[in-house]
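Engineer: Numbering (the UniProt record's numbering), first residue to last: 1 to 193.
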Amino acid sequence: MAETTAVGPILRNIRDRMAQDKKGSWLLDHRPRISNTTINRERLRRMPDGTLGREYGRFLDELKTEPDARPPVQYIDDEELVYVMQRYRETHDFTHTLLEMKPNMLGEVTVKYFEAIQLGLPMCISAAIFGGARLGPKHGQQLIEKNLPWVTDQAINGRLLITLDWENLFERRIKDIQEECSIIPFSEWSGSR
Numbered sequence: 001m002a003e004t005t006a007v008g009p010i011l012r013n014i015r016d017r018m019a020q021d022k023k024g025s026w027l028l029d030h031r032p033r034i035s036n037t038t039i040n041r042e043r044l045r046r047m048p049d050g051t052l053g054r055e056y057g058r059f060l061d062e063l064k065t066e067p068d069a070r071p072p073v074q075y076i077d078d079e080e081l082v083y084v085m086q087r088y089r090e091t092h093d094f095t096h097t098l099l100e101m102k103p104n105m106l107g108e109v110t111v112k113y114f115e116a117i118q119l120g121l122p123m124c125i126s127a128a129i130f131g132g133a134r135l136g137p138k139h140g141q142q143l144i145e146k147n148l149p150w151v152t153d154q155a156i157n158g159r160l161l162i163t164l165d166w167e168n169l170f171e172r173r174i175k176d177i178q179e180e181c182s183i184i185p186f187s188e189w190s191g192s193r
């Protein structure tokens with residue numbers, strides 16, 4: 001579904017925004033991949049708590065998934081745009097990890113809203129809206145009253161996360177990466193900047 005809704009102009013916009021960022025430009029030039037081949041899960045499990053590597057590994061373990069779980073991009077002709085879409089798919093779980101959103105329905109919807117605001121991908125927008133509609137009353141209220149205001153602030157004021165070279169940040173503390181990306185953790189957000 002992602003490729004059929006991610007029209008060229010939107011992907012070109014993301015690519016152009018990546019190209020304006022030093023690390024984003026490097027990613028476009030070198031096109032590193034996040035896969036079972038490039039990610040050593042055992043190494044992640046041995047990293048200290050609170051590091052991106054350990055928390056990303058924990059997220060994958062909790063979800064019982066792996067980096068290769070995302071299918072390859074199809075139906076896009078431009079190789080650079082294929083990479084942008086593939087990079088989005090491969091870094092989705094890092095976004096969960098940095099935002100400290102659990103792999104449950106509320107966490108997924110919250111992350112989809114973040115991605116919808118930052119990237120504008122139609123599949124993120126539709127997943128956020130329709131996923132939010134599937135939440136029960138308690139989580140639906142939390143989404144509207146707490147998560148949406150928070151995630152909107154983070155997506156607008158935070159760094160464009162698709163430009164991060166996540167693979168080189170595994171040993172860094174999540175708190176430090178959040179600070180550098182202007183991401184305020186949900187538990188610490190007071191409602192305004």
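Beta carbons are placed, not taken as given, at the ideal position from N, Cα and C, and that holds for glycine.
#1: Label residue 59 either buried or exposed according to how many other C-beta atoms from any shown protein chain fall within 10 Å of its C-beta, with 16 as the threshold for buried.
#2: Assuming residue 52 and residue 177 are in contact, meaning their beta carbons sit under 8 Å apart, how far apart are those beta carbons, in whole angstroms?
#3: Spell out the partners DSSP gives residue 12 in its beta bridges.
#4: Compute the Euclidean distance between the alpha carbons of residue 104 and residue 49, then round it to the nearest angstrom.
#5: According to DSSP, what are the bridge partners of residue 51?
#6: Could you check where the alpha helix (DSSP H) with residue 45 kicks off and where it finishes?
#7: Alpha carbons only, please: which of 160, 57, 25, 101 is nearest the one belonging to residue 46?
#8: Please identify the residue among 68, 81, 172, 147 whose C-alpha is closest to the C-alpha of residue 188.
#9: Is it the case that the region 9-18 contacts the region 159-167, given that we only count it when at least three CB pairs across the two stretches are under 8 Å?
Structural biologist: The answer reads as follows:
#1: The residue is buried, with at least 16 neighbouring Cβ atoms inside 10 Å.
#2: Rounded, the Cβ-Cβ distance is 6 Å, consistent with contact.
#3: DSSP lists no partner for residue 12.
#4: In this structure, the straight-line span from the alpha carbon of residue 104 to that of residue 49 is close to 21 Å.
#5: DSSP, once it has assigned bridges, lists 173 as partnering residue 51.
#6: First-last of the alpha helix (DSSP H) with residue 45: 41-46.
#7: Put simply, of 160, 57, 25, 101 the residue whose alpha carbon is nearest the alpha carbon of residue 46 is 57.
#8: Cα-wise, what sits closest to residue 188 is 147.
#9: Three or more beta-carbon pairs separated by less than 8 Å link the region 159-167 to the region 9-18, which places the two stretches in contact.
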